[in-house]
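Worksheet for the structure shown next.
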Amino acid sequence: MKQRTLEYRIKNVIQLISLPLIVFVVMNVLDLSIAGTRTVSTITDLKTLLRTGLTCYCFALALNCNLLSGRMDLSAGAQMYMGCVFGGNLALQLHLGGVGILVLSMAVGALCGLLVGLLFVNLRILPMVLGIGMTLIFECFSFGAYNQQGLMIYGKSGVSILSNVTFILAVAAALLLIMTFLFQYSSFGYKRRAIQGDQKLASDAGINIFVNCVICYTLAGALVACAGVFDTAYKGSLTPVLGMSSNGSVFSNMFPLFLGVFIGAYVGNPILGVLSGAVSVRLLILGLSKLSLEGSVQNIIVYSLFLIFMIYRMNVDKFSYAKKKRERIRLAQQTRQAV
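Quick note: the sequence shown uses my numbering, first residue 36, plus one each step.
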C-alpha cells in the first residue's frame, strides 16, 4: 500500500512539473538558436518570472473562485485597481512599507469583492451584466481618486521587499497552502465542490449557496488585489483606466486558469495545477520576449495556443471515442485473422 502511494505521488509530481519543464526546454532551445540567449539568463529574468508568475497565479486563482461555478465576474480587473489605488496609497500615507501595501490592498480588494457578491445574491442580476456595471463604477472611482495618478511606488521607501525573491516565494507558498486548505480540505471547499456539481441538489442538501457565493467573491477580490500589487511592483506604477479596459487582465489570465484546471485534474489538486499553468504561460511569454517579438505578435501566439487548447478540451471526448473505436476495429481484425 505504501509503495503504491509513493508511486502515485511521484507520478503526480512528474505530471505537475512536466509542462513547465517542456515549455522551458522548448523556449530555451528557440532563444539560443534564434537570439543567442537563454530564456532565464540573469537574476533580473528570474525576478521578472517570479513576479509575473505570482501575478498570473493570483489572478487565475481569483477567476477559479467564481468562473468554474458558472459566475463570470468581469469586475475582477476593476477590483484590482480599487484595491491597489486605495489600499496602496493609504499604506504609503501611513508609511507601512511594501507589506502594508500588500495587506491593505488585499483588504480593500476583499471589500470590493464582498460588495459585488452581496449585490449578486440580493439583486439576482446575471453575473456578467453585474460585472460590467461594477467595472464601470469601480473604474470611475479609481480613476477619479488621488488626482488620477493611481498608485506610484517607484522610488518609495520600504517597497523594495515586493521585488525580493525570498518574499515573493514566501507569498506564493502562503497562497498555495491557504488556498489548498480552503478549496480542498475545509467545509467551504466541500460545499463549493458540491455547488459546482449541482447547485439545486446542494441547496436541497442544506448548503447555503448564497453564503458560499459571497465568500468566493470576497476571496477573488483579495486575490486580484494581491496580483495588482506585484504587477505594480514590476512596472513601478499602476495607472487607472476607463472604458472597461481593466477587463483585459481578466481575459489574459484565462489561459493559465484553464490550463491549470486541466493539469489539476490529473494531479488531484487544482490549486497546484493552476500554479503549474501560470508558470508555463509566463515561461512562454518570457521566452517570446527574448526573441524581440512585438507585443501584438506575442499575443497572437499565446491566444492561438489558448484557442487550440480549448478546441482540444471541448473535443477530448470525441478523440477518446475515436481512439477506442480504432482499438475495437483492430481487435476485431486480429480476432478474424486468428479464426
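Ideal placement from N, C-alpha and C gives every residue a C-beta, glycine not left out.
Per DSSP, the beta-bridge partners of residue 187 are 272. Around the beta carbon of residue 115, 16 or more other beta carbons lie within 10 angstroms, which makes this residue buried. The Cβ atoms of residue 347 and residue 50 lie no closer than 7 Å to each other. Looking at the backbone, the Cα of residue 157 and that of residue 143 are separated by about 21 Å.
Membership of residue 74 in any alpha helix (DSSP H) is not indicated, and neither H nor E is assigned to it by DSSP. With a contact defined as Cβ atoms closer than 8 Å, residue 181 and residue 124 qualify at about 6 Å. With fewer than three CB-CB distances shorter than 8 Å, the segment 310–318 does not count as touching the segment 247–267. Short of 7 Å from the beta carbon of residue 341, and not among the five residues preceding or following it, lie these beta carbons of its own chain, in chain order: 290. About 17 Å separates the beta carbons of residue 118 and residue 283, which is beyond the 8 Å limit, so they are not a contact pair. Excluding the 5 residues flanking it on each side, residue 231 has same chain C-beta neighbours closer than 7 Å at 103, 104, in chain order.
Residue burial annotation: residue 212 is exposed, with fewer than 16 other C-beta atoms found within 10 angstroms of its C-beta. Counting only the Cα atoms, residue 197 lies some 29 Å from residue 172. The three-state secondary structure of residue 242, taken from DSSP, is coil. Assigned with DSSP and collapsed to three states, residue 281 falls in coil, not helix or strand. In the three-state DSSP reduction, residue 329 falls in the coil class, being neither helix nor strand. Contact between residue 305 and residue 99 is confirmed by a C-beta separation of about 7 Å, below the 8 Å threshold.
Nearest to residue 307 by alpha-carbon distance, out of 69, 338, 292, is 292. DSSP, read as helix, strand or coil, puts residue 49 in helix. Remark: C-beta atoms of residue 148 and residue 215 do not approach each other more closely than 7 Å. Residues 126, 192, 193, 194, 196 of the same chain have their beta carbon placed closer than 8 Å to that of residue 132, with the five preceding and five following residues left out of the count. By the Cβ-count criterion, residue 366 is exposed, with fewer than 16 other Cβ atoms from all chains shown falling within 10 Å of its own Cβ. With a minimum length of 4 residues, the unbroken runs of alpha helix (DSSP H) contained wholly in the segment 57–142 fall at 78–101, 111–117, 124–128. Within its own chain, the residues whose Cβ lies closer than 8 Å to the Cβ of residue 174, once the five positions on either side in sequence are excluded, are 113, 116, 275, 276, 277, 278, 279, 280, 281, listed in chain order. A Cβ-Cβ separation of about 42 Å leaves residue 161 out of contact with residue 326 under the 8 Å criterion. Fewer than three Cβ pairs drawn from the segment 345–359 and the segment 83–100 lie within less than 8 Å of each other, which leaves the two stretches out of contact.
Using a Cβ distance threshold of 7 Å, residue 58 and residue 318 count as a contacting pair.
Judged by pairs of C-beta atoms under 8 Å, the segment 134–142 does not touch the segment 223–242, as fewer than three such pairs exist. DSSP, reduced to helix, strand and coil, places residue 233 outside both helices and strands of the structure shown, so it counts as coil. Residue 218 counts as buried, since at least 16 other C-beta atoms from the protein chains shown sit within 10 angstroms of its C-beta. For the pair residue 155 and residue 164, the Cα-to-Cα distance works out to about 10 Å. Residues of the same chain with a CB within less than 8 Å of the CB of residue 227, apart from the 5 flanking positions on each side, are 104, 218, 247, 251 in chain order.
Only residues of its own chain outside the window of five on either side were considered, and among them 108, 110, 114, 165, 166, 169, 252, 256 have a CB closer than 8 Å to the CB of residue 151, listed in chain order.
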